[in-house]
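Here is the structure we will look at, set down as structure tokens.
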Amino acid sequence: MDYIKPSRREDFEIVIICGLPLEFNAVSLVLDEFWDEDGDHFGRSPGDVNHYITGRIGRYNVVLALLSHMGKVHTASAAASIRSSYGGVRLALLVGICGGAPQAANDEDDEILLGDVVISKTVVQYDFGRLYPDKFVRKNTFEGSLGTPSKDIRNLLITFETDIGLERLQRRTAYFLKQLQANATGRKRHGRYSYPGTAEDKLFQAIYRHKHHVPCTCICRDCNSISDPVCDEALNSSCEELGCDNIYLEPRGQLEARRQLEQDESDKAQEPAVHVGSIASGDVVMKSADERDRIAKKEGVIAFEMEGAGIWEELPCIVVKGVCDYADCHKNKRWQNFAAATAASTLKAILERYIQTDKMLKGKSNTPRVQPAPKHSGKCSNYHHICMYSSHSLKIAACIYL
1 MDYIKPSRRE DFEIVIICGL PLEFNAVSLV LDEFWDEDGD HFGRSPGDVN HYITGRIGRY
61 NVVLALLSHM GKVHTASAAA SIRSSYGGVR LALLVGICGG APQAANDEDD EILLGDVVIS
121 KTVVQYDFGR LYPDKFVRKN TFEGSLGTPS KDIRNLLITF ETDIGLERLQ RRTAYFLKQL
181 QANATGRKRH GRYSYPGTAE DKLFQAIYRH KHHVPCTCIC RDCNSISDPV CDEALNSSCE
241 ELGCDNIYLE PRGQLEARRQ LEQDESDKAQ EPAVHVGSIA SGDVVMKSAD ERDRIAKKEG
301 VIAFEMEGAG IWEELPCIVV KGVCDYADCH KNKRWQNFAA ATAASTLKAI LERYIQTDKM
361 LKGKSNTPRV QPAPKHSGKC SNYHHICMYS SHSLKIAACI YL
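Using UniProt numbering, you'd call the opening residue of the sequence shown number 1 and step up by one each time.
So this is what it looks like as structure tokens:
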């Protein structure tokens, strides 16, 4: 099928927002076509300082925006500018990476593994509240709470909570992930989005600290509880450098099943599970297993990220994030590119299930397409052949001789 380049900003219904260049890179690999290869043709509203990439994913024209900074304030400002420039947007997708809770809040058997994808049913602004001498209390009033998604989004998300809807979404996500990896190889990014392997998926016990475990003279030697300090060097060192012991890893049934697939050399080992649930959003990088578990239990969240709360009130939004760490002190960057790839692949799978409006369908079927003039042996040198396709797929050809 031939797709026609949109002629105005109102023809875009989908905007994709990324907070990091590595997230943006992964999303760019799932675009089927770019509309701005030879420069921008759509402009932006006065006061809008965002820079955009425009293109197509499937049947949708999409706008892709990269934030210059992370956090709620910058995201809210960027989202307001998007709304000003692209008034026809029906759906914004915040796509990237996040820290994950080890299991779903309402089902302890539903483990969340690295590389899995979480989709926001709601967003909880967990760092907005009152700090007392002995505790922090989240402000849970009408003014301090984020609203529910639009009915359009709620009706889409509920389909992913059905067996058939989730199976379809995960199957197509796996397909698009392979496609993304192939595209990356073709662009000389071979290996960047490869599955890191089950051996790199490590969930340590919540009480096991990321510190110097070999004999040392720093303050790590006196760190015996979850609240004791560790040295600055430990904060910036890897588990291998510190001697973190794998005997403190949590046993995980679903990880063992994936390890068996890996041993059988099955492609299914890299296929991510998709989880729909509440996501915690705040201006804090979560690196505490104890706080992660406390907030996850209290708020019923399955992931932690930093931009969702900023965009939630500005645009009709779904947060789609790949889990790159367990939001604990042992977190590292090994899984970031793969997690960004699984999120981008899920984005494309979601758009397959998102129903277009009649306005966009009508616009595509009635847009004129100018075709190259066929050879003509007559005396008239200026020959124009214009084809119009109606919504009934009837071809009307007009030949104009000048």
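C-beta: ideal position from N, C-alpha, C; glycine also.
Beta bridge counterpart(s) of residue i as assigned by DSSP
i    : result
N183 : Its beta-bridge partners do not exist; DSSP assigns none.
L113 : Per DSSP, none; premise fails for L113.
D325 : G99
G55  : F34, V62
S120 : G277
I14  : V62, L91
E305 : S281
L131 : F136
Q356 : Note: Q356 sits in no beta bridge, so no partner.
V319 : L94
Q125 : S281
A104 : D107
Proximity test, Cβ basis, 8 Å: residue i and chain D
i    : result
T159 : The structure shown contains no chain D, having only a single protein chain.
Backbone CA spacing between residue i and residue j [nearest angstrom]
i           : j    : result
P316        : V230 : 42 Å
residue 416 : S28  : Lying before the first or after the last residue shown, residue 416 is absent from the chain, which here runs from 1 to 402.
D267        : A257 : 13 Å
V137        : A303 : 19 Å
L67         : A309 : 14 Å
V323        : F128 : 23 Å
G58         : V30  : 9 Å
Y3          : L177 : 23 Å
G115        : Q270 : 8 Å
D109        : Q103 : 7 Å
T185        : P215 : 44 Å
E262        : I16  : 33 Å
D328        : K135 : 20 Å
A339        : T173 : 12 Å
N246        : R334 : 17 Å
G191        : T342 : 14 Å
C18         : G96  : 6 Å
W35         : C98  : 30 Å
E152        : K331 : A small correction: the amino acid at residue 152 is Asp; Glu does not occupy that position in the sequence shown. Each residue's Cα considered, the two are about 36 Å apart.
P169        : Y354 : The amino acid occupying residue 169 in the given sequence is Leu; Pro does not appear at that position. Their backbone Cα atoms lie some 12 Å apart in a straight line.
V49         : T122 : 28 Å
V81         : M70  : Per the sequence shown, residue 81 should be read as Ser rather than Val. If you take the alpha carbons of S81 and M70, they lie about 16 Å apart.
R252        : S288 : 20 Å
G100        : V117 : 9 Å
T198        : H41  : 45 Å
Y52         : C220 : 47 Å
D283        : K72  : 7 Å
L235        : E241 : 11 Å
H74         : D38  : 29 Å
T217        : C239 : 18 Å
P196        : P46  : 44 Å
I164        : D325 : 28 Å
Selected residue, minimal CA-CA separation from residue i, among the options
i           : options                : result
F204        : R192, N183, G243, T122 : G243
G62         : D38, T75, D11          : Note that residue 62 corresponds to Val in the displayed sequence, not to Gly. Considering only alpha carbons, the answer is D11.
P272        : L166, G71, R90         : L166
G300        : P6, C216, Q125         : Q125
A26         : F42, L64, A79, D152    : L64
residue 404 : F34, D36, R44, I16     : What is shown of the chain runs 1 to 402, which leaves residue 404 out entirely.
N183        : R292, K72, A344        : A344
L157        : T357, V284, E352       : E352
R56         : S238, M1, G47          : M1
S237        : Q254, T217, L255, H213 : H213
A79         : I311, Q336, E111       : I311
L113        : V285, M286, H275, Y132 : H275
residue 450 : G88, T159, L255        : Here the chain covers residues 1 to 402 and nothing more, so residue 450 does not appear.
E33         : S7, Y60, G47, P46      : Y60
G88         : P6, P149, F24          : P6
A349        : E233, S281, R171       : R171
R259        : E200, D290, T54, Y193  : E200
Contact set for residue i: own chain, Cβ-Cβ below 7 Å, skip 5 residues either direction
i    : result
I207 : I226
L249 : K202, L203, F204
Y86  : R9, F12, V15, V63
S381 : Here S381 scores only 40 on pLDDT, less than 50, and its place in the model should not be relied on; the value that follows carries that caveat. Around S381: no qualifying Cβ.
L22  : Q336, N337, A340
8 Å CB neighbourhood of residue i in its chain, flanking five on each side removed
i    : result
K297 : A105
K375 : For K375, the predicted model reports a pLDDT of 43, less than 50, meaning its position is unreliable and no value from the coordinates is stated.
C223 : R209, K211, P229, V230
R90  : E13, I14, D152, P316, T357
E313 : A76, L146, G147
Chain-order list of residues whose beta-carbon lies under 6 Å from that of residue i (same chain, five-residue window excluded)
i    : result
V319 : L94, S120, I279, G308
L347 : L93, V95, V320
Task: Segments assigned alpha helix (DSSP H), at least 4 residues, entirely inside the segment 203 to 290 - done: 232 to 235, 239 to 242, 253 to 263
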